[in-house]
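Peer 1: Dropping the structure in here first, questions after.
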Amino acid sequence: MLLSRLSWTGLLLALPARAFYLPGASPHSYRDGEQVALLVNAVGPRYGEGETAIVPYDAYDERIGFCRPASPHSVPLSLGSALFGERLWNSDFDLRVRQNTTCQTLCTTTLTDRQLHFLPTLIGSHSHHWLVDGLPAAEMRRTADGELFYSPGFPVGRAVRDRSTKTGPRSELNNHWNIILEYHPRPKEGNNRIVGVVVWPQSIDSLRGRGSEPDCSVEAPLVLATGGEQRVAYTYSVTWRESATPWATRWDTYLRILTPRIHVLALFNSFVICGFLCLLVGIVLLRVLSRDIKRYNALASYDLDLDHGAGDSAVDDDSGWKVLHGEVFRAPKYRMWLCITVGTGAQMAAMCGVTLFFATLGFLNPSNRGALSTTMVVCWTLFGSIAGYTSSRLYLSMNGDAIRKNIIYTALVFPAALYAFLLFLDAFLIGLGSAGAVPVGTFLAIGALWSGINVPLTIVGGWMGVKKGPLNVPVRVNQIPRQVPPLPWWLKPVPSALLAGVLPFGAGFIEISQIARAIFGSKLYYAFGFLCLASAIVGVTAALTTVLFAYFHLCAEDYRWHWRSFLAGAGSSFYIFAYGLLYWASKLHLPGFANKVLYLGYLALVSGLSGIVTGTIGFAATWGFLRVIYSRIRVD
């Protein structure tokens with residue numbers, strides 16, 4: 022019954038296959054002939070058959086040689102946009118509403134030897150990213166079913182291999198852009214609204230035979246020289262196309278979920294896994310434990326002497342998990358660090374939950390650039406009190422005697438380690454001259470949020486936890502610890518963590534793969550409804566799996582469950598890291614040492630943070646489970 026309900030709930034919630042969003046900006050209406058600004062963003066990575074770099078570059082980087090305005094100025098960005106590598110600049114494109122133009126010269130420049138050596142490294146691996154009226158300029162593509170969709174960004178060029186020669190592929194630079202602007206007319210108001218931007222790039226050797234005047238009718242491509250200098254003309258054509266798409270739904274072609282059946286089937290599969298685990302826990306744990314508890318309490322109610330005849334029976338039954346009532350809540354080794362880690366995990370879980378909630382409702386839409394990442398940063402900052410409260414109460418329940426140190430460490434250790442790690446990765450980006458390098462001002466803003474808001478809130482949360490007192494435990498701890506018998510190999514820390522991580526990873530695998538494809542394909546991921554459901558299933562699966570393994574440990578008379586339950590919950594992070602390595606080996610060809618270090622660094626960061634969240638969920642579920650079962654037995 023539970024499995025059926027979960028399955029039907031998942032299918033009903035997953036039926037809408039199109040992304041939903043609430044417009045985050047008011048519409049801008051343009052009159053005929055009014056100029057429209059075209060903003061250029063960073064030249065970012067492109068997913069393709071060739072090399073795939075993960076380092077973006079500024080559009081006006083001197084090594085690229087793109088047409089730079091006489092007075093370039095950057096566009097102010099949100100904290101999240103700046104943190105994730107967006108860099109918006111003005112441009113000299115002259116776009117006027119409903120005025121078509123052909124072969125307009127943007128600029129004519131001479132590429133230097135340095136630029137001629139750098140540009141081929143971008144061809145096939147990077148794309149231009151432009152914005153017009155808040156919409157990303159996109160390529161128009163078709164799915165396998167023939168459905169049209171917009172893919173943001175368009176290639177810098179293409180590498181063409183000439184079979185007649187034994188030399189490497191020649192680099193053709195896209196220096197002409199056919200810009201198609203779709204508009205929705207509003208005759209009653211006498212204005213228009215832009216609802217789509219499509220760019221068809223071309224490689225044209227337009228200076229061939231015409232001297233300084235570019236000729237866009239030339240069919241020969243512009244092949245980059247291998248050195249020296251080369252004159253290049255950048256040109257563009259503009260076509261305005263009327264569209265019936267209203268402004269309110271203009272993002273639909275960008276946010277279309279291309280594989281809804283895969284998402285639905287994956288969710289159904291995850292619901293089946295989750296339902297199976299619920300059934301397993303219900304049968305194995307609830308029924309078995311209920312029978313054990315009744316038998317144990319019945320025996321404990323008699324006087325254990327020969328007159329009653331129950332002595333041998335009681336001794337025989339006092340084994341397994343029941344005999345550990347005086348050990349199960351004994352403080353583990355390194356309890357300080359366990360409490361800090363669990364407190365940080367609670368903070369991050371709350372951040373992820375709130376962010377996903379608002380994203381699922383459509384508030385964090387792509388028209389409000391950087392809203393998602395900004396919300397994550399703000400939530401992480403404000404939820405510092407959760408970390409302090411959780412860590413301090415848990416530490417007190419483990420009889421910790423350095424509560425001040427616990428609160429201070431909770432406020433400083435993990436944020437400082439994350440900050441230092443991001444600085445380390447940023448140093449590589451700075452060394453490459455990448456636009457993805459976080460500006461100094463943004464780092465200072467993050468530091469101010471941490472030191473000025475997060476740290477005080479963590480201390481306040483820790484103080485509230487001290488006032489509330491330790492978490493109640495139902496049994497007393499023996500003074501002398503019990504010896505742990507030898508364990509089977511699959512209950513040792515590493516094997517049990519790996520075994521416990523299989524099902525949670527399987528429950529979220531499809532969404533992980535879709536996010537990876539979106540990141541390396543420079544696509545917009547907006548299936549937050551699916552992601553929210555998948556995340557909930559992963560959390561429930563991690564909790565149930567961890568509880569099962571904790572029960573197996575207790576049956577083997579091993580009371581050292583604290584760290585092992587955390588590691589079991591975090592086991593899926595190992596598979597996330599392994600999947601990232603497999604994705605690199607099968608899908609990506611990362612050029613250069615820096616790209617490889619950055620990829621491994623970000624992969625380790627993502628898998629590590631996810632492990633902290635799921636590990637905290639597993640630990641919390643195990644703690645609650647043990648409190649329940651040991652509160653039901655009678656202990657003298």
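Quick note: the sequence shown uses the numbering used here, first residue 22, plus one each step. Glycine included, every Cβ here is placed at the ideal spot set by N, Cα and C. Model, not experiment: these values are computed from the prediction.
1) I'd like to check one pair, serine 388 with valine 76: are the Cβ atoms closer than 8 Å?
2) Below 8 Å on the Cβ atoms is my guess for proline 173 versus asparagine 195; work out the distance and round it to an integer in Å.
3) Helix, strand or coil, according to DSSP, for isoleucine 200 in the structure here?
4) Using alpha carbons as the reference points, say which of Trp584, Arg503, Ala548 and Trp401 lies closest to glycine 101.
5) Could you tell me whether the region 113 to 132 touches the region 255 to 269, where touching means 3 or more Cβ pairs closer than 8 Å?
6) Taking 7 Å as the limit between beta carbons, can you name the residues of its chain near methionine 161, skipping five residues before and five after?
7) Along the alpha helix (DSSP H) that carries glycine 421, what are the first and last residues, could you check?
8) Are the Cβ atoms of serine 659 and valine 61 separated by less than 8 Å?
9) Pairing CB atoms from the region 476 to 494 with CB atoms from the region 548 to 564, are three or more of them under 8 Å?
10) Does tryptophan 151 come out as helix, strand or coil in the three-state DSSP assignment?
11) Measure the CB-CB distance between leucine 519 and phenylalanine 595 and report whether it falls below 8 Å.
12) Would you call the CB atoms of phenylalanine 442 and leucine 619 closer than 8 Å?
13) To the nearest angstrom, report how far apart serine 534 and lysine 608 are at their CA atoms.
14) Taking a contact to mean a Cβ-Cβ separation below 8 Å, would you say valine 523 touches threonine 643 in this structure?
15) If I'm right that glycine 421 touches methionine 357 with Cβ under 8 Å, what's the distance once you round it to whole angstroms?
16) Considering Cα atoms alone, identify which of Glu210, Ser418 and Trp198 is closest to serine 227.
17) The alpha helix (DSSP H) with arginine 585 in it runs from where to where?
18) How many angstroms separate the CA atom of serine 192 from the CA atom of arginine 182?
19) Between leucine 492 and glycine 622, which are expected to be in contact by the criterion C-beta below 8 Å, what is the C-beta distance as a whole number of angstroms?
20) Could you tell me the alpha carbon to alpha carbon distance between arginine 636 and glutamate 55, rounded to whole angstroms?
21) Checking 8 Å against the spacing of the C-beta atoms, do leucine 276 and tyrosine 547 come in under that value?
22) If you draw a straight line from the C-alpha of proline 516 to the C-alpha of tryptophan 510, how long is it?
23) Of the choices Ile531, Ala571, Ser412 and Val349, whose alpha-carbon is the least far from that of valine 302?
24) If you compare alpha carbons, which of Ala80, Leu104, Ala539 and Leu59 is closest to proline 157?
25) Would you kindly work out how many angstroms separate the C-alpha atoms of leucine 647 and tryptophan 584, rounded to a whole number?
Peer 2: Working from what's here:
1) no
2) Proline 173 to asparagine 195, Cβ: 16 Å. No contact.
3) strand
4) Trp401
5) Using a Cβ-Cβ distance cut-off of 8 Å, the region 113 to 132 and the region 255 to 269 are in contact, since at least three pairs of beta carbons, one from each stretch, lie closer than that value.
6) Leu169, Tyr171 and Val219
7) Counting along the chain, glycine 421 falls outside any alpha helix (DSSP H), and DSSP gives it neither H nor E.
8) The structure shown does not extend to residue 659, since the chain spans only 22 to 657, so no value can be given for it.
9) no
10) strand
11) Taking a C-beta distance under 8 Å as the contact criterion, leucine 519 and phenylalanine 595 qualify as a contact pair.
12) no
13) Between the C-alpha atoms of serine 534 and lysine 608 there is a straight-line separation of about 12 Å.
14) no
15) 7 Å
16) The shortest C-alpha to C-alpha distance from serine 227 to any of Glu210, Ser418 and Trp198 is the one to Trp198.
17) 583 to 590
18) 9 Å
19) 36 Å between Cβ atoms; not a contact.
20) Reading off the sequence shown, one finds glycine at residue 636, where the question assumed arginine. If you take the alpha carbons of glycine 636 and glutamate 55, they lie about 56 Å apart.
21) Yes, the Cβ-Cβ distance between leucine 276 and tyrosine 547 is below 8 Å.
22) 7 Å
23) Ala571
24) Leu59
25) 14 Å
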